[in-house]
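Q:
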Amino acid sequence: MGAIVRFRGYGDVEVPVGSSILEAATRAHFPEGSACGGVCACSTCHIYVVRGAELLSEQEDEEADILDKAFDVRAASRLGCQARIVKEGIVEVEITRESLDAYENEHPAERGKYTKNAASAR
Ligand code: FES
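Mapping the sequence shown onto our numbering, position 93 (from 1) lands on 261, and the numbers just tick up by one.
#1: Where E266 and G179 are concerned, what is the direct C-alpha to C-alpha distance, given to the nearest angstrom?
#2: Exposed or buried, D236, counting other C-beta atoms within 10 Å across all chains shown (16 or more means buried)?
#3: For I258, is the classification buried or exposed, using 16 other Cβ atoms within 10 angstroms of its Cβ as the cut-off for buried?
#4: May I ask which residues mark the beginning and end of the alpha helix (DSSP H) holding L247?
#5: As a quick exercise: from I263, A221 and A238, pick the residue whose alpha carbon is nearest that of V254.
#6: What do you reckon, is the C-beta of A203 under 8 Å from a heavy atom of the ligand FES?
#7: Going by Cα to Cα distance, which pick from L223, S245 and L224 is closest to D233?
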């Protein structure tokens, strides 16, 4: 059995327990940045957890250190590559502007596609 990750504005993807939020986004081709390749070194995978935070792994010190350097950090902030689903259920997340920007930089052919209408401009 798996979990559902709902990416606000993009859709749902079902993934096995143990997957990270970033892995879910990658599986569904949703625009979450991952400049460091998912090794907790960049903050471009920054998301806000809207619902289901209790289904995710605890935040480690390394993740907190990286989030310190992220943009527009909130109580619900996580790094998508570090937040792993540990229980079945529905996790709803919002991809941050920082992450959308990073994704577009990593995929030049899609530049402007996701950030054009994003609500939270810097
Ligand atoms: S992809 Fe770089 S910290 Fe998550």
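The beta-carbon is built from N, C-alpha and C at its ideal position, and this holds for glycine as well.
A: Once the coordinates are examined:
#1: By 1-based counting over the sequence shown, the position of residue 266 is 98. By 1-based counting over the sequence shown, the position of residue 179 is 11. If you take the alpha carbons of E266 and G179, they lie about 19 Å apart.
#2: Locating residue 236 in the sequence shown gives position 68, counting from the first residue. The residue is exposed, with fewer than 16 neighbouring Cβ atoms inside 10 Å.
#3: The count along the sequence shown starts at 1 and reaches residue 258 at position 90. So I258 ends up on the exposed side.
#4: For the purposes of this step, residue 247 is identified with residue 79 of the sequence shown, where counting begins at 1. Premise fails: L247 lies in the beta strand (DSSP E), S245 to L247, not in any alpha helix (DSSP H).
#5: Counted from its first residue, the sequence shown places residue 254 at position 86. Of I263, A221 and A238, the residue nearest in Cα terms is A221.
#6: Counting from one through the sequence shown, the residue named residue 203 turns up at place 35. Yes; taking the cut-off as 8 Å, the Cβ of A203 has a heavy atom of the ligand FES nearer than that.
#7: For this step, residue 233 is matched to residue 65 along the sequence shown. Among L223, S245 and L224, the Cα nearest to that of D233 is on S245.
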